[in-house]
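Step one of this worksheet: look at the structure below.
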C-alpha cells in the first residue's frame, strides 16, 4: 500500500514538475498530512524531489534551471542570506587567498565584500561578474564546463585548476544539510568540486541558513568535522548549533 501510494505521488510530481500538500490531500483524502510528508521525505532521500514550503518539486525540474530561475533562488530567504553574508565577511582576512563557492548565499557575500585588494578564486560565473565591479580585487575563474543549473564551472578541467591553486580560506555553500548525510548537493560534478576545494583549503567557512536543514540531496561532499566555521542566521535551530559545536566546529 505504501509503495503504491509513493509511486502515485512520484508519478504526479514527474508529470507536473511539482506538487502541493493541498493537492496531495485532495488526491489522497484517507491519509494524514504527516503520512504524506513522510512519503515526500522518502522521495527526497532517494534524490527524486526537493521539499519546499508547501510541497515539493521534481529534481529533474530543478536541473533545468536557467539563469533567470537561478535569480529566483537568489531571491529566496533574502534577509537570512544577507545576514549570513555580513557575518562571514567579518571572518575574512584581506591578506588571504579566498575561494568563493558558487551559490545564492555566496552571491550576497560577493555583493557585500568591500572593495579592497583580495585575491579571489571562484567557480561561479555570477560571483565573478559581481566581484569584477570592484576595481581593487584580483579575480580568477577556474576553467571547466559550465553548469546551467547554478552557473558554475565543473568537471575535470576545474579539478585540474584546483590542483594548481593555493587556498587559504574557502567560503562554501550547500543545497541541503542532514545529520546523517552531511552537506549535500544535486549533482556529482558539483559535489566533486566542493569536496576538492574543502580538501585544499586551510580554513573552510560554510554558509548555512535554516531552510536547508533536515533536507538531503543525492551527493554528499562534506561532513561537519571537515568544516572549521559554520555561519548561520539568527533563527537557526539551537539543537543543530549544539550538535555542530559538539563536533568541534565553531558556529557564528
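Numbering (the working numbering), first residue to last: 101 to 352.
We put the CB at the ideal spot given by N, CA and C, even for glycine.
Span of the alpha helix (DSSP H), counted from its first residue to its last, around residue i
i, result
"residue 204", "204-212"
"residue 265", "Note, residue 265: premise wrong, no alpha helix (DSSP H); not H, not E."
"residue 184", "178-189"
"residue 329", "Not the alpha helix (DSSP H): residue 329 falls in the beta strand (DSSP E), residues 329-331."
"residue 344", "338-346"
8 Å Cβ cutoff, residue i in contact with chain D
i, result
"residue 185", "Annotation note: the requested chain D is absent from the structure, which comprises a single protein chain."
Beta-bridge partners of residue i, as assigned by DSSP
i, result
"residue 158", "149"
"residue 319", "285"
"residue 278", "282"
"residue 253", "246"
"residue 269", "198 and 303"
"residue 352", "None, per the DSSP bridge assignment."
"residue 240", "221"
"residue 313", "277"
From the options, residue whose alpha carbon lies closest to that of residue i
i, options, result
"residue 213", "351, 271 and 318", "271"
"residue 312", "287, 276, 102 and 197", "276"
"residue 257", "245, 250, 154 and 129", "245"
"residue 352", "191, 107 and 130", "191"
"residue 115", "215, 150 and 157", "157"
"residue 264", "345, 236 and 241", "241"
"residue 229", "250, 236 and 207", "207"
"residue 155", "302, 110 and 336", "110"
"residue 119", "188, 136 and 130", "136"
"residue 186", "322, 129, 209 and 132", "209"
"residue 107", "129, 255, 142 and 259", "142"
"residue 286", "123, 279 and 149", "149"
"residue 262", "226, 193 and 199", "199"
"residue 243", "233, 236 and 259", "259"
"residue 88", "279, 102, 219 and 112", "The question about residue 88 has no answer, for the chain in this structure spans 101 to 352."
Extent of the continuous beta strand (DSSP E) to which residue i belongs
i, result
"residue 198", "197-200"
"residue 118", "118-120"
"residue 219", "219-222"
"residue 227", "Not the beta strand (DSSP E): residue 227 falls in the alpha helix (DSSP H), residues 225-231."
Cβ-heavy atom distance, residue i to the ligand MN, below 7 Å
i, result
"residue 246", "Ligands in the displayed structure: none, and consequently the ligand MN is not present."
Burial state of residue i (16 or more Cβ within 10 Å)
i, result
"residue 104", "exposed"
"residue 217", "exposed"
"residue 334", "exposed"
"residue 247", "buried"
"residue 238", "exposed"
"residue 178", "exposed"
"residue 130", "exposed"
"residue 202", "buried"
"residue 342", "exposed"
"residue 339", "exposed"
"residue 250", "buried"
"residue 125", "exposed"
"residue 226", "buried"
"residue 231", "buried"
"residue 194", "exposed"
"residue 166", "For residue 166, the pLDDT reaches just 42, beneath the cut-off of 50, and the residue's location in the model is therefore unreliable, although a value from the coordinates is still provided. Residue 166 is exposed by the Cβ-count criterion."
"residue 204", "buried"
"residue 181", "buried"
Beta-carbon proximity check, residue i vs residue j, cutoff 8 Å
i, j, result
"residue 223", "residue 268", "no"
"residue 308", "residue 274", "yes"
"residue 316", "residue 284", "yes"
"residue 326", "residue 304", "yes"
"residue 322", "residue 302", "no"
"residue 349", "residue 318", "no"
"residue 332", "residue 188", "no"
"residue 138", "residue 144", "no"
"residue 255", "residue 289", "yes"
"residue 215", "residue 235", "yes"
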